[in-house]
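Numbering (full-length UniProt numbering), first residue to last: 1 to 242.
Pasting the structure below:
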């Protein structure tokens, strides 16, 4: 990468990426983990295609979108710019009528929040002759405002879900209560423990634990996250890394 102008947005993005990687490494070390076990994706839902391409130029490898229509808009803009393919994950709620806008276009769907949605994605993937890699969204904290399987719902449904054709279950995803470090830690450790239990029941590796965002990713790494979803701390000049 050529030397960056200190006044440029790319320079800011590069500094932030360095700081984020350092914090991930420190959190991993505190937990006796290797930082290479943790992937960070840049959540690009609040920025445009130009910012995504700038972030890719400084070293971000994957991005997260939460709305299928915004994913489509960015993919079109990136293609029109002749910038080459960009790796996206779908991290937001996925409505059944939007499934065809997502499958085959993203690396990973983080937000399979019910058995019915898993079945719908499976059916559409089968019809197109593809297989989608997915995570099962789990409401570990039990907050009514959050979507996802309740842990007991997932225990009851997991064998049926992992047996569906057209999808590969790669792991679990959760979100923690905002602004409460203790609750975040309990949520992330609960996800790790649930994944351990389900590995024994299903025989699957469930290698991906997607948890941790800008305000709590270091706690998530300490508690076993393998994929953190970072938006504000990546793109927002006004955000202060704590």
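Idealized CB from N, CA, C, for every residue including glycine.
message: By the DSSP assignment, the alpha helix (DSSP H) with residue 232 in it spans what residues?
response: Here residue 232 refers to the residue found at position 232 of the chain shown. Note, residue 232: alpha helix (DSSP H), 232 to 235.
- prompt: Looking only at C-alpha atoms, which of 158, 113, 190, 55 sits nearest to residue 230?
  reply: Residue numbering aside, residue 230 sits at position 230 when the chain shown is read from its first letter. The shortest C-alpha separation from residue 230 is found at 55.
- prompt: Counting pairs of Cβ atoms below 8 Å between the region 101 to 111 and the region 124 to 141, do you hit three or more?
  reply: yes
message: Distance check for residue 28 and residue 38, CA to CA, integer angstroms please.
response: The residue given as residue 38 occupies position 38 in the chain shown. The residue given as residue 28 occupies position 28 in the chain shown. Roughly 8 Å separates the two Cα atoms.
- prompt: Quick one: what does DSSP say residue 33 is sitting in, helix, strand or coil?
  reply: If you number the chain shown from 1, residue 33 lands on position 33. Residue 33 falls in the coil class under three-state DSSP.
field: Pick from 200, 67, 176, 238 that is closest to residue 228, judged by C-alpha positions
entry: To locate residue 228, count along the chain shown from 1; it is residue 228. Considering only alpha carbons, the answer is 176.
- prompt: What are the partner residues of residue 185, as DSSP defines its beta bridges?
  reply: On the chain shown, residue 185 is found 185 positions in, with the first residue counted as 1. Per DSSP, none; premise fails for residue 185.
Beta strand (DSSP E) segment containing residue 160, residue limits: If you number the chain shown from 1, residue 160 lands on position 160. Element bounds for residue 160: not the beta strand (DSSP E) but the alpha helix (DSSP H), 151 to 162.
Nearest-angstrom Cα separation, counted from residue 235 out to residue 47: As a first step, residue 47 must be located in the chain shown, where it is residue number 47. As a first step, residue 235 must be located in the chain shown, where it is residue number 235. Residue 47 and residue 235 have their alpha carbons spaced roughly 8 Å apart.
- request: Verify the CB distance criterion: does residue 169 have a CB-CB separation below 7 Å to chain C?
  value: In the displayed structure, chain C is absent; only one protein chain is listed.
query: In whole angstroms, what is the alpha-carbon distance linking residue 8 and residue 17?
result: Here residue 8 refers to the residue found at position 8 of the chain shown. Here residue 17 refers to the residue found at position 17 of the chain shown. Roughly 14 Å between the two C-alpha positions.
message: My output table needs one value for residue 138: the three-state DSSP class, helix, strand or coil.
response: Within the chain shown, residue 138 is the residue found at index 138, counting from 1. Residue 138 falls in the strand class under three-state DSSP.
- prompt: Among residues of its own chain, excluding the 5 on either side of residue 202, which ones have a beta-carbon nearer than 7 Å to its beta-carbon?
  reply: As a working note, residue 202 is residue 202 in the chain shown. Hits under 7 Å: 158, 159, 162.
query: Under three-state DSSP, which class holds residue 178?
result: For the purposes of this step, residue 178 is taken as residue 178 along the chain shown, with counting starting at 1. Coil at residue 178, not helix or strand.
message: According to DSSP, simplified to helix, strand and coil, what is residue 1?
response: If you number the chain shown from 1, residue 1 lands on position 1. Only weak support is given to the placement of residue 1: the predicted model assigns it a pLDDT of 49, under 50, and the question is left unresolved by the model.
- request: Could you have a look at residue 39 and say whether DSSP puts it in helix, strand or coil?
  value: Residue numbering aside, residue 39 sits at position 39 when the chain shown is read from its first letter. In this structure, residue 39 counts as strand in the three-state DSSP scheme.
task: Compute the Euclidean distance between the alpha carbons of residue 172 and residue 70, then round it to the nearest angstrom.
output: Locating residue 172 in the chain shown gives position 172, counting from the first residue. Locating residue 70 in the chain shown gives position 70, counting from the first residue. Residue 172 and residue 70 have their C-alpha atoms spaced approximately 24 Å apart.
task: Could you check which residue in 178, 123, 181, 74 has the C-alpha nearest to that of residue 166?
output: Walking along the chain shown from the start, residue 166 turns up at place 166. Residue 166 has its Cα closest to that of 123, out of 178, 123, 181, 74.
- request: Would you tell me roughly how many angstroms separate the C-alpha atoms of residue 1 and residue 198, rounded to the nearest one?
  value: Counting from 1 along the chain shown, the entry for residue 1 is found at position 1. Counting from 1 along the chain shown, the entry for residue 198 is found at position 198. Unreliable positioning characterises residue 1 in this predicted model, as indicated by a pLDDT of 49, which lies under 50. The coordinate reading is nonetheless provided below. Looking at the two C-alpha atoms, the distance is approximately 43 Å.
- request: Please report the residue range of the beta strand (DSSP E) in which residue 168 lies.
  value: Stepping through the chain shown from its first residue, residue 168 is reached at position 168. Segment 167 to 173, the beta strand (DSSP E) holding residue 168.
field: Nearest to residue 138 (by Cα), restricted to the options 64, 98, 22, 194
entry: Mapped onto the chain shown, residue 138 falls at position 138. Nearest option by C-alpha distance: 194.
field: For residue 210, the residue or residues it bridges with in DSSP
entry: Looking up residue 210 in the chain shown gives position 210. The partner list for residue 210 (beta bridge, DSSP) reads 173, 227.
query: When we look at the beta-carbon of residue 78 and count the other beta-carbons within 10 Å, is it buried (16 or more) or exposed?
result: By one-based count along the chain shown, residue 78 stands at place 78. That one is buried.
query: The beta strand (DSSP E) spanning residue 91 covers which residue range?
result: The residue given as residue 91 occupies position 91 in the chain shown. Boundaries for residue 91: no beta strand (DSSP E) harbours it, and the DSSP string shows neither H nor E there.
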